[in-house]
DNA sequence: CGTTTTTGGTAACCATGGTTACCGTATTAA
DNA sequence: TTAATACGGTAACCATGGTTACCAAAAACG
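Protein chains in written order, with our numbering: chain A, 1 to 240; chain B, 1 to 240.
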């Protein structure tokens, strides 16, 4: 790993346009970003393929933002196996949930999937009082809060599905949510059977079987991607 | 509902000592809190028992902090039934995840379980630039980030358990986590069977049955609250 | 245009875990 | 101390959903 503190300015000039597409920096113009960075003084590091970007158990160094290349976030589960949590590409963040949670160490390991460049924002710096608390700095904090709350909401939503015990309940809840979003009884599924089974944490044949049962009972009707809810009330009574 | 903007100062003087025990205001002294409140200008409202504090679908008014009494956070699920999400007492917050997530409306309803007093902090105000961006204001933002990230982490942890399909896997994972925390093969359970069953989202008799099986196989040993891991490797191979 | 791959429906078999019900032992309250 | 209640182990029965394997239709690819 090569730390390029000296080249930071040059690095930013090159990446500043891409970075404003990154969620953390949204609503901040490239010009303002320069100011923000002079406040934050982030560290940029370059990694070779398969190099360790962060090691579980070691001191937390700050939220990471992938500038180029890809990283893999892995977690060692209780059985001692490494499982992949996420693959993050250019512009994506990792460790955002740990930055402010009071944990002092990385609970996950991050490995360079390809050669990559990563920027680290120390948590303390984000909320520090720079002399001129610039508007953009405030925007940064807002963005951070938005990202973390958004993540929490997403997890919450996912949890709601997994807490439902019966497969029929999961399917009904999912369909009703889609129905509400679409605003009509006929709509397109946003996922393939495969993906939906994954999302609901059930097996694909079981999902298929149950959906067909519901079709045979006249509650729904479907062909491939398209779905039609025929008995809304029946469906509602199944969601639970 | 009676809004008492005029009495805000009096209200605070009375509650300021309790509030500094509230997570959002931790590390802020009562004196500093006065300053912070003069920045934030929160609204305080008084509700009678069973009165609606927030209505799902209506405009989001800000994070709520219960000053006295208790509120119930309820959500209408897909089937149209109201389910209780949380009961919040004095010093506890609600709506903290929605404040910054960009949702414009309350996704839940909040009802006064007893007569109660609730303080609302508008999301925008928390991150606003008051003239003298006081140290305490920064602390407030830090606390907010900490609370929301903590919530996200907790949800994440819960999700990990629910994603495990086999009951044995859930139990093993849970025990290994407890073991790691305790640092010894013998430790006390932090939950009763009932609560653990709830946490793992399984039925109590099934949990009991499986734990006894594991005991009969010689992997663990237990009596009521106390647990001893006898075959660590076996347990690890079951967690998954 | 034919071939390969992906997608999804179907069926049989069986393991897992929910349900209910009962009972003994702690724990708490009166 | 006794009564009431909470807690947890146990067993029988059975519904749900996982597994595997196969097939047909659709889509992607050469």
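Think of the CB as a built atom: it goes at the ideal place given N, C-alpha and C, for glycine as much as any other residue.
In this text, all values refer to a predicted model and were calculated from it rather than measured experimentally.
Query                                                                                                                                   : Result
Any C-beta of chain B under 8 angstroms from that of residue 100 of chain A                                                             : yes
Chain A contact residues for residue 239 of chain B, given Cβ-Cβ distances below 8 angstroms                                            : 77, 78 and 79
Check whether residue 64 of chain B and residue 122 of chain B have beta carbons under 8 angstroms apart                                : no
Segment limits, beta strand (DSSP E) that includes residue 22 of chain B                                                                : Counting along the chain, residue 22 of chain B falls outside any beta strand (DSSP E), and DSSP gives it neither H nor E.
Minimum Cβ-Cβ distance from residue 241 of chain B to chain A less than 8 angstroms                                                     : Only positions 1 to 240 of chain B appear in the structure, and residue 241 of chain B is not among them; the question remains open.
Start and end residues, beta strand (DSSP E) containing residue 39 of chain B                                                           : Premise fails: residue 39 of chain B lies in the alpha helix (DSSP H), 30-40, not in any beta strand (DSSP E).
Helix, strand or coil at residue 120 of chain A [DSSP, three-state]                                                                     : strand
Chain B within 8 angstroms of residue 146 of chain A, Cβ atoms only                                                                     : yes
CB contact flag (residue 136 of chain B, residue 210 of chain B, <8 angstroms)                                                          : no
Extent of the continuous beta strand (DSSP E) to which residue 186 of chain A belongs                                                   : 186-188
Partners in chain A for residue 97 of chain B, counting only beta-carbon separations shorter than 8 angstroms                           : 149, 152, 153 and 156
Coarse secondary structure for residue 148 of chain A, derived from DSSP in three states                                                : helix
Whole-angstrom distance between residue 27 of chain B and residue 20 of chain B, CA atom to CA atom                                     : 7 angstroms
Other residues of its chain near residue 231 of chain B: CB distance less than 7 angstroms, five sequence neighbours each side excluded : 218 and 219
Chain A contact for residue 74 of chain B (CB, 8 angstroms cutoff)                                                                      : no
Chain A within 8 angstroms of residue 231 of chain B, Cβ atoms only                                                                     : no
Cβ contact (3+ pairs, closer than 8 angstroms) linking the stretch 102-122 of chain B and the stretch 32-50 of chain B                  : yes
Where residue 226 of chain A falls, given that 16 or more other Cβ within 10 Å makes a residue buried                                   : exposed
Beta carbon proximity, residue 170 of chain B to chain A, threshold 8 angstroms                                                         : no
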